[in-house]
Amino acid sequence: MDALLVINPIVPLGQVVATRGVHALAGEKPEFAEFMRRSLNRHAQGDWGNLDDADKQENELSLKQGFRTLSAYEAEGMPKIWIITEADRLSTTILFPEEY
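Note that the working numbering has the sequence shown beginning at 1, numbered continuously upward.
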């Protein structure tokens, strides 16, 4: 994945990694790689994507309390992805929900 510039992120991402399935699809489809970059930027800015209100509130609490955060993103023609930043903020993983 190409470099990502996030200005003033509210979620420190740490090392960003992707599962094998996500990585393979990004290598095959540039439009999916771009979807990943946009989604990761949204996650870093605190836009939790396609979560219900209760899960969004849980992420807001997680930011304050130092727990992990999870975002979900969907776009037409793209598979759903999850982005999880660990509580210690040292790593963020991009994965398909079925890989969890």
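Each residue gets a CB set at the ideal place from its N, CA and C atoms; glycine is no exception.
Legend entry - Helix, strand or coil at glycine 27 [DSSP, three-state]: By one-based count along the sequence shown, residue 27 stands at place 27. It is helical.
Inset, instruction - Sort Glu76, Leu25, Leu13, Val6 by Cα distance to phenylalanine 96 and report the nearest one. - result: Here residue 96 corresponds to residue number 96 of the sequence shown, with the count starting at 1. Comparing Cα positions, the closest option is Leu25.
Inset, instruction - Check glycine 21 in the structure and name its three-state DSSP category. - result: By one-based count along the sequence shown, residue 21 stands at place 21. DSSP places glycine 21 within a helical segment (H, G or I) once states are collapsed to three.
Inset, instruction - Inspect the CB distances between the segment 17-36 and the segment 49-62 and report whether three or more fall short of 8 Å. - result: Taking a contact to require three or more Cβ pairs closer than 8 Å, the segment 17-36 and the segment 49-62 do not qualify as touching.
Legend entry - Residues near alanine 87 by beta carbon distance below 7 Å, same chain, minus five either side: As a first step, residue 87 must be located in the sequence shown, where it is residue number 87. Hits under 7 Å: Gly66, Phe67, Arg68.
Legend entry - Reference asparagine 50; option with closest CA among Leu40, Ala72, Pro30: Taking the first residue of the sequence shown as 1, we reach residue 50 at position 50. Per the Cα distances, Ala72.
Legend entry - Among Thr92, Ile81, Thr85, nearest to phenylalanine 32 - alpha-carbon criterion: By 1-based counting over the sequence shown, the position of residue 32 is 32. Out of Thr92, Ile81, Thr85, the CA that lies nearest to the CA of phenylalanine 32 is found in Ile81.
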